[in-house]
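Heads up: the sequence shown begins at 0 in numbering that gives the first Met the number 0, then just goes up one per residue. Virtual Cβ for every residue (Gly too), placed ideally from N, Cα, C.
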Amino acid sequence: MQSQVEGIVIRTMPYGETNKIVTLFTREAGKITCMARGAKKPASRLAAITQVFTHGTFSIYKGKGMGTLQAGDPLESLRHIREDIMSTAYASYVTELIDRLTEQDEPQSTIFEILYQALHAIDDGYDPEAITLFVEWKMLQVAGLTPTLHQCANCGSTEGEFAFSFQELGFLCHRCFHIDPYIIRLSPALVKLIRTFYFVPIERVGSLTLKKESKSLLKQIVRTIYEEKAGIRLKSRKFLEQLERTPEFLPEKEELPKDE
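Following this line, the structure appears as structure tokens:
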């Protein structure tokens with residue numbers, strides 16, 4: 000059976016001398032994996048369309064077992080991601096997270112939209128660290144994790160000072176701080192940022208500029224949730240952390256406006 004899908008290449012793996020196994024996240028069918036025969040040959044018509052982060056339309060023949068990628072037309076190559084090491088690293092983290100949290104052949108148009116918008120925002124030059132944070136907070140629900148962020152996880156209060164509790168998986172108000180000795184105290188601005196990342200669509204988050212300290216704390220919280228509650232630690236995170244520890248090897252960027 001032949002099908003035509005719109006998708007983004009999220010992972011490739013060499014298979015034999017000349018072939019690739021390609022994982023696409025598609026608008027119509029969710030995550031699908033197919034064989035791209037001859038795609039490792041430079042002259043192959045499948046060579047360009049099977050590069051990671053390529054957004055295109057794909058023609059797939061599905062019989063028994065794995066489908067075969069027969070043809071594809073690029074819609075966008077998102078090549079700016081591949082030309083910048085930090086953009087590549089963050090985009091790789093985003094695609095690995097989505098790959099890890101989704102099953103094969105389950106239509107999930109909302110997740111396709113998150114992936115599409117995140118990669119386009121990174122390609123357009125928005126802060127890749129902020130975009131990645133957005134994806135991490137948004138994908139918590141897909142991992143079966145639903146933190147209480149609209150009110151206190153203990154008493155339900157919506158007013159007062161708040162902290163994050165891993166024990167309660169959500170915010171605690173100042174009246175309930177005593178129930179968890181390991182809370183992370185949050186400024187009102189950080190409470191608002193977490194709610195923004197979790198609840199607000201990415202097109203309204205893209206141009207947000209954040210202080211380094213804010214990003215560091217939000218990253219610490221969300222990655223601890225993934226590790227402690229879902230046992231998820233991504234391979235691409237190690238490379239990201241190496242890059243973040245060695246900023247002297249990266250091109251200088253202009254200072255961003257402060258968020259607080």
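* Figure out for me which residue from G37, C172, K30 and L68 has the closest Cα to the Cα of E112. => K30
* Asked: Just how far apart, CA to CA, sit M34 and S91?
  -> 21 Å
* Asked: DSSP state of L45, grouped into three classes?
  -> Assignment of L45 by DSSP, reduced to helix, strand and coil, places it in the coil class.
* Asked: Short check: CB of I59 to CB of T67, under 8 Å?
  -> yes
* From which residue to which residue does the alpha helix (DSSP H) around T67 run? -> Per DSSP, T67 belongs to no alpha helix (DSSP H); it is in the beta strand (DSSP E), G66 to E75.
* **Status (buried if at least 16 other CB within 10 Å, exposed otherwise) for I224** => buried
* In the DSSP assignment, what residue or residues form a beta bridge with P13? -> K19
* Can you give me the Cβ contacts of D126 inside the same chain, cut-off strictly under 6 Å, excluding the 5 residues immediately before and after it? => none
* How would you call I84, buried or exposed, if buried means at least 16 neighbouring beta carbons within 10 angstroms? -> exposed
* **Option in A38, G6, R222 and S156 with minimal Cα separation from P73** => G6
* Pick out whichever of E240, A70 and S76 has its Cα sitting closest to the Cα of Y52. => Per the sequence shown, the amino acid found at residue 52 is Phe instead of Tyr. When each option's Cα is compared against that of F52, the closest is S76.
* **Helix, strand or coil at K234 according to DSSP, with G and I counted as helix** => helix
* Asked: Ordered along the chain, which non-local residues of its own chain (more than five positions away) have a Cβ less than 7 Å from that of K19?
  -> T11, M12, P13, A35, A38, K39 and T49
* **Buried or exposed (CB count within 10 angstroms, at least 16 for buried), E259** => Low per-residue confidence applies at E259: pLDDT is 44, beneath 50, and the placement is therefore not dependable, though the value from the model is reported in the following sentence. An exposed status is given to E259, since fewer than 16 other beta-carbon atoms sit within 10 Å of its beta-carbon.
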